[in-house]
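Position in the sequence shown (first residue = 1) + 8 = the numbering used here. All C-beta atoms, glycine included, are put in the ideal place defined by N, C-alpha and C. The structure appears right after this line, and notes come after that.
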Amino acid sequence: MSSDNMKTIFESRFTIANTSLHSVVAFHQNDVVAAFPQLAPPLTPVEFEPPLVHKMEENALLKFTLWIGYCLLPVRWVARHFEVSENGFTDEVVRGPVKYWRHRHAFRVVDKVGSGQRGDPSVPIAPSSARASQIVEVHDKIEYEHFPLLSYEGIVGRLLINRVSLFMLFKWRGYATRRAILDVEGDIHHGNESALEKPLLAKK
């Protein structure tokens, strides 16, 4: 349970089959301002502030406004990103509707389609393996703390960020991530070489 003096931990896991670790990392890190709106819930436009963050890098500062309910409620976020690697990254709130927010995004190969053998997440995945039949796990772990209840931030934060809303958000993100990545993988598989030029799968 959460309280004003206690941080709440929320975790979500989902897997993507018929892809590669490289593709999953590329989607999340190669063009942030292109990927992030695809993960926002329906009817939630995202407006970014300059400087825009395209390539995810250490200490990248992402500034954006989420327009909840299709522009009914603007929620501004400023998040710093660190621990960036092929295994994921972490973001931490600098400004937002919560007092504390630390979100770890972790990616790892958990299996190979049809092999029945566990993959080794420590083995680097080459860009040429974008068509590999791997099962990749996306693990999100969030630690957050609200502002005091009797404050505007405390009320808004509790309405927007709670276990139910996060559960629904990451159910959507699982679907949206699979759709975005597998659409591109499908284009490549069917010989559409222009798919290779899509920024979300651009080579490092």
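Membership of E94 in any beta strand (DSSP E) is not indicated, and neither H nor E is assigned to it by DSSP. Sixteen is the threshold: since fewer than 16 other Cβ atoms of the shown chains lie within 10 Å of the Cβ of L51, the residue is exposed.
If you check the CB distance, M64 and Q37 come in under 7 Å. For the 7 Å CB-CB criterion, F18 and L174 form a contact. In this structure V83 is in contact with P105, their Cβ atoms being roughly 6 Å apart against a cut-off of 8 Å. Here the stretch 13-33 lies against the stretch 176-189, with 3 or more beta-carbon pairs under 8 Å apart.
In the three-state reduction of the DSSP assignment, A188 falls in the helix class. Straight-line measurement puts the Cα of H111 at about 21 Å from the Cα of P156.
Looking at the DSSP output, E19 bridges to K149.
Residue R166 holds the alpha-carbon nearest to the alpha-carbon of E153 among R166, L60 and S93. Judged by DSSP secondary structure, F72 falls outside any alpha helix (DSSP H) and instead within the beta strand (DSSP E) spanning A68 to W75.
DSSP lists T27 and K120 as the beta-bridge partner residues of Q142.
Taking V164 as the centre and dropping the five residues before and after it, the same chain places the C-beta of P105 closer than 6 Å to its C-beta, in chain order.
Taking the Cα of V92 as reference, the smallest distance to any Cα among H113, V41 and L60 is reached at H113. An exposed status is given to G77, since fewer than 16 other beta-carbon atoms sit within 10 Å of its beta-carbon. Under the three-state reduction of DSSP, M14 is assigned to strand. The alpha-carbon of L177 is positioned some 13 Å away from that of K149.
Looking at S28, V54, R186 and V192, the one whose alpha-carbon comes closest to that of V40 is V54. By the Cβ-count criterion, D191 is exposed, with fewer than 16 other Cβ atoms from all chains shown falling within 10 Å of its own Cβ. Put simply, the backbone Cα of F115 is about 17 Å away from that of E66.
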